[in-house]
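**Student:**
What follows is the structure in structure tokens.
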């Protein structure tokens with residue numbers, strides 16, 4: 055671009071009502087010059103640029119990491135099912151006829167769908183199959199301290215309050231030693247996941263605000279350090295949009311690069327946790343693997359961060375350039 059055309063582009067005032075094609079070319083040349091200028095400015099201070107990108111990248115990676123962990127907790131709860139089964143442990147010394155008799159009584163209740171009798175031998179085999187319990191089971195020899203267990207399945211249409219009432223009734227039976235409500239822990243898990251989800255949303259909002267402030271402060275310092283250059287551009291008639299545009303591109307670069315850093319950090323976290331999570335699931339006989347964040351979500355992170363960087367730069371440049379631009 056010639057010096058005359060550059061000055062005209064900087065002023066944003068075309069000389070003689072150029073054709074639409076000429077205006078489009080001038081617009082492209084202005085944006086190309088501002089884009090190159092923003093890249094040069096970032097390259098002039100590599101350490102500061104890297105520190106800013108790193109701080110923003112870690113800030114954006116934190117809510118992604120919590121989102122990753124929360125998603126896997128939800129998958130674990132879903133894999134365990136929605137059952138509201140109640141395990142009824144009989145008192146020691148109760149034999150098979152007593153267990154079958156109690157099971158028959160419970161099957162006659164209108165709030166019970168099914169009752170399964172689990173013998174001490176079955177319980178011992180299940181215990182031996184768990185990771186680390188086989189030596190302890192072998193040490194028992196022919197002895198078996200486990201009691202009979204009745205697995206009571208409430209009717210699916212029962213509300214949680216009705217299941218709680220059934221549990222309290224089972225605890226009053228004379229042959230019952232302990233009642234374990236398997237659905238209660240699932241209810242607590244769902245409540246905990248709900249609280250964690252809200253906490254992750256608040257954390258993401260706060261860290262996004264922090265990233266926006268980081269970009270805004272960086273652009274503010276850049277504007278102050280280039281006060282003389284801005285004054286020269288104003289002197290030759292540069293428009294406010296032309297002066298502001300390189301700083302907007304800086305904000306976009308900061309956001310885009312920090313978003314890429316955040317995605318890379320989360321992928322490294324997935325890689326680091328996949329192996330231990332698989333071994334943990336395998337130790338309990340499960341096949342549930344560690345799931346990562348969906349690719350569409352990861353792809354939106356850099357673009358969302360770029361928009362955040364643009365917004366921070368826009369606010370900072372509007373405030374600090376507006377104080378110096380002539381009215």
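Residue numbers (our numbering): 55 to 381.
Built from N, CA and C at the ideal position, the CB exists for glycine as well.
Treat the numbers as computed from the prediction; the structure is a model and nothing was measured.
By the 10 Å Cβ neighbour count, where 16 or more other Cβ atoms means buried, how is residue 57 classified, buried or exposed?
**Tutor:** At residue 57 the pLDDT is 48, less than 50, meaning the model places this residue with poor confidence and gives no usable figure here.
**Student:** Using CA coordinates, which residue listed in 110, 148, 371, 150 is at the minimum distance from residue 277?
**Tutor:** Closest by alpha carbon: 371.
**Student:** Return helix, strand or coil for residue 143, following the three-state DSSP convention.
**Tutor:** Three-state DSSP puts residue 143 in a strand.
**Student:** Just the C-alpha distance for residue 102 and residue 319, rounded to the nearest angstrom, thanks.
**Tutor:** Whole-angstrom Cα-Cα distance: 20 Å.
**Student:** For the 8 Å Cβ check, are there 3 or more pairs between the stretch 242 to 254 and the stretch 269 to 283?
**Tutor:** Judged by Cβ distances under 8 Å, the stretch 242 to 254 makes no contact with the stretch 269 to 283, as fewer than three pairs qualify.
**Student:** Excluding five sequence neighbours on each side, which residues of the same chain lie with their C-beta closer than 8 Å to the C-beta of residue 107?
**Tutor:** Here the set comprises 308, 311, 312, 315.
**Student:** Measure the C-alpha to C-alpha separation of residue 37 and residue 181 and round it to an integer number of angstroms.
**Tutor:** Missing from the structure shown is residue 37; the chain here goes from 55 to 381 and no further.
**Student:** Can you tell which of 84, 100, 238 has the C-alpha that lies nearest to the C-alpha of residue 300?
**Tutor:** Out of 84, 100, 238, 84 has the C-alpha closest to the C-alpha of residue 300.
**Student:** On the three-pair Cβ rule with 8 Å, is the stretch 206 to 219 touching the stretch 161 to 178?
**Tutor:** Yes: at least three Cβ pairs fall under 8 Å.
**Student:** What are the partner residues of residue 235, as DSSP defines its beta bridges?
**Tutor:** Beta-bridge pairing links residue 235 to 140.
**Student:** Under the rule that 16 or more other beta-carbon atoms within 10 Å means buried, what is residue 256, buried or exposed?
**Tutor:** Classification for residue 256: exposed.
**Student:** Does DSSP put residue 212 in a helix, a strand or coil?
**Tutor:** Here residue 212 sits in coil by DSSP.
**Student:** For residue 124, I'd like the list of residues in its chain whose CB is within less than 8 Å of its CB, leaving aside the five on either flank, ordered along the chain.
**Tutor:** Closer than 8 Å at Cβ, skipping near neighbours: 247, 250, 251, 254.
**Student:** How would you write the range of the alpha helix (DSSP H) that residue 348 sits in, first residue to last?
**Tutor:** From DSSP, residue 348 is part of no alpha helix (DSSP H); its letter is neither H nor E.
**Student:** Rounded to the nearest angstrom, what separates residue 122 and residue 261 at their Cα positions?
**Tutor:** When rounded, the distance between both Cα atoms is 16 Å.
**Student:** Please name the residue, chosen from 291, 86, 147, 368, that lies closest to residue 274 on a Cα-to-Cα basis.
**Tutor:** When each option's Cα is compared against that of residue 274, the closest is 368.
**Student:** Out of 220, 78, 350, 88, point me to the one whose CA is closest to residue 292's CA.
**Tutor:** Cα-wise, what sits closest to residue 292 is 88.
**Student:** Note down the Cα distance separating residue 271 from residue 322, rounded to an integer number of angstroms.
**Tutor:** Going from the Cα of residue 271 to the Cα of residue 322 covers about 29 Å.
**Student:** As a quick exercise: from 81, 364, 98, pick the residue whose alpha carbon is nearest that of residue 265.
**Tutor:** Considering only alpha carbons, the answer is 364.
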